[in-house]
Amino acid sequence: MPTPKKYFVTAGAAEGSTPLNAFDNALLAARIGNVNLIRVSSILPPGTEFDPNLELPPGSLVPTAYGYIISTTPGEIISAACGVGISRESFGVIMEFSGKCTAQEARAQIENMIREAFARRGMELVDMKIEAVEHEVKRIACALAAVPLWY
13 MPTPKKYFVT AGAAEGSTPL NAFDNALLAA RIGNVNLIRV SSILPPGTEF DPNLELPPGS
73 LVPTAYGYII STTPGEIISA ACGVGISRES FGVIMEFSGK CTAQEARAQI ENMIREAFAR
133 RGMELVDMKI EAVEHEVKRI ACALAAVPLW Y
């Protein structure tokens, strides 16, 4: 497979009539509902360009790091966050988090995870890009955050 050259960071939350519909609707809210996700782990290729307005062709196979949570407990607060730590001249690190917490707490988890990943690798962290979403469950809900990679 070719190495991706572009990425963006996104998050979305939604309700659905079933857990799978809630997940699908959260994907749509995050602008990645009409592509096929190929789940990848946590490394951003060197030199990959951040493009927040990137549009993915429908039906494409898209390498994506993502985290999500689904809840069927009305009134529960759920959140998801995803972030990218960027180095000056090397690869980056992607982290995902989801849980029963606020978006602010999810964002803080991502920041801590990115800092730890860079420290463990002995790399200098020069920037972070993080998106987080929070949702209060009405019936069946999903909160999702992702980093789609593209060519």
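Residue numbers for the sequence shown follow the working numbering, beginning at 13 and rising by one. Note that beta-carbon positions come from the ideal geometry of N, C-alpha and C, so glycine has one too. Model, not experiment: these values are computed from the prediction.
Remark: three or more beta-carbon pairs, one from each stretch, lie closer than 8 Å, so the segment 82-93 and the segment 112-121 are flagged as touching. Around the beta-carbon of A131, fewer than 16 other beta-carbon atoms lie within 10 Å, marking it exposed.
Beyond the five residues adjoining it in sequence on each side, N48 comes within less than 8 Å, by CB distance, of G71, S72, L73 and V74 in the same chain, given in chain order. Across the structure, R133 and I82 are spaced so that their CA atoms are roughly 32 Å apart. Beta-bridge pairing by DSSP links I81 to A155. Check the Cα spacing between I126 and each of K17, E61, A144 and S54: the tightest is with S54. Taking each of G87, A77, T85 and P58 in turn and checking the Cα distance to M107, the smallest one comes out for A77. For Q116, the number of other beta carbons within 10 angstroms of its own is below 16, and it is reported as exposed. The DSSP-derived three-state label of R100 is coil. Taking S102 as reference, the option from I44, T60, A38 and Q121 with the minimal CA-CA separation is T60.
DSSP places P86 outside both helix and strand once states are collapsed to three, so it counts as coil.
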